[in-house]
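*Asks:* Structure in structure tokens, see below.
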Amino acid sequence: MNPSVFQARLLVVLAACFWSLGGLMTRLLQKETPLGLHQPELSAIQMAMFRSLFAGIIMIPLVRRREMTFRPLMPLMVACFAAMNATYLTALAGGQAANAILLQNTAPFWVFLIAVCVLKEKIDRRSVVSLVIGLTGIAIILTGLMLQESPSTSGGSQSNLLGISALAISSGFFYASVIVCLRALRSESSPWLTFLNHFGSGIILSISLLIILGPTDWWTWLTTPTWKQLLFLAFFGGIQMALPYWLFSKGLRTIGPQEAGIITLLEPMLNPIWAYLISPDTEKPPATTWVGGIILLTALAYRYWPNKRNANSLTEAE
């Protein structure tokens, strides 16, 4: 049974809140805290792989045998999810949480472009205006990074900062692709789709590193985390990935990706705050990030805020 419109919106709100914990949990694995999770040092790909595997494992009890179906679109969805996971965690671990999450939230613009270029949907004025405004915000954020004098949290140069930004924008594209796939597969089981995305993503990342590193180095890489880190990564995967994606998938059964997109603007507003609480010395974004971020979020809000026609249709649906 699909949730009501109100329930679907609430599910997406909860998903955004849990997603916003990504910066906080990543910093707990990087910074010295009373939890002592920063040693041995873990790479972004290690974090991405383990949290995905654990998230998938946690979802297994919720998947029923009769729900295990296969559709040709599923492998593409899982591959996009793996790429999104790897690029976002790398950008988040290597730079400021605010920049990573704001640039990943170019996803709704990518959804629009995919809808127009691939799905051949009509171009509407509202989307075009929003896209131009959003690109302005992105340009301001990137300009601020180019002018930034101090090194980022990874100690990189300006070229590294721009590279990290490119990864964050790429994660937005892959995120958009996942959203489109989830919407197309909305008749399928939410727990099953969530399991496929997370466990499949972990397997893809693990196999990719096995090919790149070779068996010996791969095994060393795989066995680096301590038991304490593994327990935290399991918590990371369950609370910040499995649960919110399951909630989001259920919400998409009733509301469209456009409305879900504006609701999830909660995530980029909350994510930098949690990261700042752990690492205030490195997580204070420059003024250009705030200015560009406000413009970007305003563009998204303008694009997806229900107009009079949509509001009437939603009222009728309720």
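All residue numbers for the sequence shown refer to my numbering, where the first residue is 288 and numbers rise by one.
Note that CB positions come from ideal geometry on N, CA and C, so glycine has one too.
Given the structure is predicted, the values throughout are model-derived calculations rather than measurements.
#1: Relative to the alpha-carbon of residue 290, which residue among 536, 397 and 554 has its alpha-carbon at the smallest distance?
#2: Look up residue 554 in the DSSP assignment and say whether it is helix, strand or coil.
#3: In angstroms with no decimal places, state the Cα-to-Cα distance between residue 494 and residue 479.
#4: Check this for me: beta carbons of residue 541 and residue 292, under 9 angstroms apart or not?
#5: Using CA coordinates, which residue listed in 513, 527, 486 and 390 is at the minimum distance from residue 323?
#6: Just the C-alpha distance for residue 517 and residue 481, rounded to the nearest angstrom, thanks.
#7: Only counting the same chain, and skipping five residues up and downstream in sequence, which positions put a Cβ closer than 7 angstroms to that of residue 312?
#8: Leaving out five residues on either side along the sequence, give the residues of the same chain with a beta carbon under 6 angstroms from the beta carbon of residue 345.
#9: Would you give the residue range spanned by the alpha helix (DSSP H) that residue 395 belongs to?
#10: DSSP three-state label for residue 476, please.
#11: Out of 455, 417, 398 and 360, which one is the CA nearest neighbour of residue 428?
#12: For residue 588 and residue 520, what's the separation of their Cα atoms in angstroms?
#13: Using 9 angstroms as the threshold, is the C-beta distance between residue 554 and residue 392 below it?
#14: Verify whether the separation of the beta carbon atoms of residue 475 and residue 356 is less than 9 angstroms.
#15: State the DSSP-derived secondary structure class of residue 328, mapped to helix, strand or coil.
#16: For residue 387 and residue 461, which I take to be in contact (beta-carbon distance under 8 angstroms), what is that distance rounded to the nearest angstrom?
#17: Please tell me whether residue 464 and residue 343 are closer than 9 angstroms, where the distance is taken between their beta carbons.
#18: When the Cα of residue 410 is compared with those of 367, 378 and 396, which residue comes out closest?
#19: Quick one: grab the DSSP three-state call for residue 568.
#20: Assign residue 350 to one of three DSSP states: helix, strand, or coil.
#21: Can you name, in chain order, every residue of its own chain whose Cβ lies under 7 angstroms from the Cβ of residue 575, other than the five neighbours on each side?
#22: Only counting runs of 3 or more residues, tell me where the beta strand (DSSP E) segments fall wholly within the segment 457-512, in order along the chain.
*Replies:* So, from the listed chains and residues:
#1: Translated into the one-based positions of the sequence shown, residue 290 becomes position 3. The option with the nearest alpha carbon to residue 290 is 536.
#2: Translated into positions along the sequence shown, residue 554 becomes position 267. Three-state DSSP puts residue 554 in a helix.
#3: On the sequence shown, position 207 is the one that residue 494 refers to. On the sequence shown, position 192 is the one that residue 479 refers to. Going from the Cα of residue 494 to the Cα of residue 479 covers about 22 angstroms.
#4: Here residue 541 refers to the residue found at position 254 of the sequence shown. Here residue 292 refers to the residue found at position 5 of the sequence shown. Yes; because the gap between Cβ atoms is below 9 angstroms, this pair is in contact.
#5: Stepping through the sequence shown from its first residue, residue 323 is reached at position 36. The option with the nearest alpha carbon to residue 323 is 513.
#6: Walking along the sequence shown from the start, residue 517 turns up at place 230. Walking along the sequence shown from the start, residue 481 turns up at place 194. Roughly 21 angstroms separates the two Cα atoms.
#7: To locate residue 312, count along the sequence shown from 1; it is residue 25. Closer than 7 angstroms at Cβ, skipping near neighbours: 523 and 527.
#8: Taking the sequence shown and counting its residues from 1, one reaches residue 345 at position 58. Answer for residue 345: 525 and 529, listed in chain order.
#9: The residue labelled residue 395 in the question sits at position 108 within the sequence shown. Its alpha helix (DSSP H) spans residues 394-404.
#10: Position 189 of the sequence shown, counted from the start, is the residue given in the question as residue 476. Coil.
#11: Along the sequence shown, one-based indexing puts residue 428 at 141. Of 455, 417, 398 and 360, the residue nearest in Cα terms is 455.
#12: If you number the sequence shown from 1, residue 588 lands on position 301. If you number the sequence shown from 1, residue 520 lands on position 233. Distance between the alpha carbons of residue 588 and residue 520: 33 angstroms.
#13: Working through the sequence shown from its first residue, we reach residue 554 at position 267. Working through the sequence shown from its first residue, we reach residue 392 at position 105. Their beta carbons are under 9 angstroms apart, which means residue 554 touches residue 392 by this criterion.
#14: Reading the sequence shown from its first residue, position 188 is the one you call residue 475. Reading the sequence shown from its first residue, position 69 is the one you call residue 356. Their beta carbons are under 9 angstroms apart, which means residue 475 touches residue 356 by this criterion.
#15: For the purposes of this step, residue 328 is taken as the residue at position 41 of the sequence shown. Coil, per DSSP.
#16: Here residue 387 refers to the residue found at position 100 of the sequence shown. Here residue 461 refers to the residue found at position 174 of the sequence shown. The pair is not a contact, with the Cβ atoms about 14 angstroms apart (cut-off 8 angstroms).
#17: Taking the first residue of the sequence shown as 1, we reach residue 464 at position 177. Taking the first residue of the sequence shown as 1, we reach residue 343 at position 56. Contact flag unset, no.
#18: Mapped onto the sequence shown, residue 410 falls at position 123. Of the listed residues, the one whose Cα sits closest to residue 410 is 396.
#19: The residue you call residue 568 lines up with position 281 of the sequence shown. Three-state DSSP puts residue 568 in coil, outside helix and strand.
#20: Locating residue 350 in the sequence shown gives position 63, where the first residue counts as 1. In this structure, residue 350 counts as coil in the three-state DSSP scheme.
#21: Here residue 575 is taken as the residue at index 288 of the sequence shown, counted from 1. Correct list, in chain order: 427, 428, 430 and 431.
#22: List check, beta strand (DSSP E) in window: nothing returned.
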